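Note that the sequence shown covers residues -21 to -1, 1 to 245 in mature numbering (1 follows the signal peptide of the UniProt record, and there is no 0).
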Amino acid sequence: MNRIITLSALVSLGLSTPALAHDDNCNVELDGNILYERGVLTVDMDNGSTMTITPDHNLTVNGEAIGLDSQQQRWVSDYYTHIDTAIPMSVSIAADGLALATTAVDEVFGELFGADNDVVTEFNTMFADMSAELDDTFYDENGAIRINSREMRQKEWMEGGWENEFEDRVEEAIAQSMGKILVALGTQLMWEGGDMEAFEAKMDRFGESIETRVERQALKLEKKADQLCQVLADADEAETQMQRHIPGLDGLNLMDVSYHGHADKM
């Protein structure tokens, strides 16, 4: 049974994607609704008004153009640019996290039991389904990135819902496949001539090798998440200045970000 626990733990490494919402070094809280479509950014503000910024950085509130001085325009441009940068980064990290989990399964179960094993096939089918859900959530019919926070909340993709759903599905799949895993492990033990010590030593070496490879990829993913958090922190700073200094944007409070001492908005 310890061998099963080891395998499950290794697969779980693929699920340990950086959680931006509640990371020790990065805390991101999103409030309100955002729509990003065809490069147009629309935000519902706390005061009931709707702010829109076009790809050429023109600002409107409730459809009316807002005149800006040069400093105000810089804040608007910074805000749009950072959000425009953060959105594809977020989508990429979600896709990379899914790919990492798939790699963990292929590495752990594929190399141990064979790539055509039923357990590997079932996991890869599950990951393919989740990848299709990710594409459906973040891309329009033309393949362009589209973000609608209302739809994402309904699908529980916000507030850590994606990660929770991800982990729940994998844990359920492992539980459902436990019988097949035990049979496969028994077969491996027979190949070792019934020598339990030799089998456990082999499993330990295998586990260490897989863990090293998966953790290396996870570290790269964490670096990308760290870069994303900095971009969001910069967007939050621009949002603060817009809220304070541009008439009609007093209700703008889409995000609050703290990152490496980056203070939350007051």
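Backbone N, C-alpha and C fix where the C-beta goes; we use that ideal spot for every residue, glycine too. In this text the structure is predicted, and so the values were computed from the model without any measurement.
{"query": "Taking the straight line between their C-alpha atoms, what separation do you get for residue 130 and residue 12?", "result": "10 Å"}
{"query": "Could you spell out the range, first to last residue, of the alpha helix (DSSP H) harbouring residue 57?", "result": "49 to 84"}
{"query": "According to DSSP, residue 96 sits in a beta bridge with which residue or residues?", "result": "Looking at the DSSP assignment, residue 96 forms no beta bridge with any residue, so it has no partner."}
{"query": "If we count the other Cβ atoms within 10 Å of its Cβ and call it buried at 16 or more, is residue 215 buried or exposed?", "result": "buried"}
{"query": "Considering Cα atoms alone, identify which of 233, 166, 16 is closest to residue 120.", "result": "16"}
{"query": "Rounded to the nearest angstrom, what separates residue 64 and residue 56 at their Cα positions?", "result": "12 Å"}
{"query": "Using the beta-carbon count (16 or more within 10 Å), is residue 19 buried or exposed?", "result": "exposed"}
{"query": "Can you grab the Cα-Cα spacing for the pair residue 123 / residue 5, in whole Å?", "result": "28 Å"}
{"query": "So, at 6 Å on beta carbons, what are the nonlocal neighbours of residue 99 in its own chain, with the 5 sequence-adjacent residues on each side left out?", "result": "88, 89"}
{"query": "Does the pairing of the region 222 to 231 with the region 26 to 34 give three or more beta-carbon distances under 8 Å?", "result": "yes"}
{"query": "Out of 177, 74, 165, state which residue places its alpha-carbon closest to the alpha-carbon of residue 268.", "result": "With the chain covering only -21 through 245, there is no way to say anything about residue 268."}
{"query": "In three-state terms, what does DSSP make of residue 17?", "result": "coil"}
{"query": "If you run the structure through DSSP and keep just helix, strand and coil, what is residue 237?", "result": "strand"}
{"query": "So, at 7 Å on beta carbons, what are the nonlocal neighbours of residue 26 in its own chain, with the 5 sequence-adjacent residues on each side left out?", "result": "229, 230"}
{"query": "Would you say residue 23 and residue 232 are within 8 Å of each other, going by their C-beta atoms?", "result": "no"}
{"query": "Classify residue 33 as helix, strand or coil using the three-state DSSP reduction.", "result": "coil"}
{"query": "Residues bridged to residue 153 by DSSP?", "result": "Residue 153 is not bridged to any residue."}
{"query": "Tell me which residue opens and which closes the beta strand (DSSP E) that residue 126 is part of.", "result": "125 to 127"}
{"query": "Looking at the structure shown, is residue 8 part of a helix, part of a strand, or coil, going by DSSP?", "result": "strand"}
{"query": "Spell out the partners DSSP gives residue 22 in its beta bridges.", "result": "13, 30"}
{"query": "Shortest alpha-carbon distance to residue 14 belongs to which of 81, 76, 104, 66?", "result": "66"}
{"query": "Are residue 86 and residue 192 closer than 8 Å when you measure CB to CB?", "result": "yes"}
{"query": "Pick helix, strand or coil for residue 38, following the three-state DSSP scheme.", "result": "strand"}
{"query": "Alpha carbon to alpha carbon, what distance is there between residue 102 and residue 176?", "result": "29 Å"}
{"query": "Can you have a look at residue 49 and say buried or exposed, based on whether 16 or more other CB atoms are within 10 angstroms of its CB?", "result": "exposed"}
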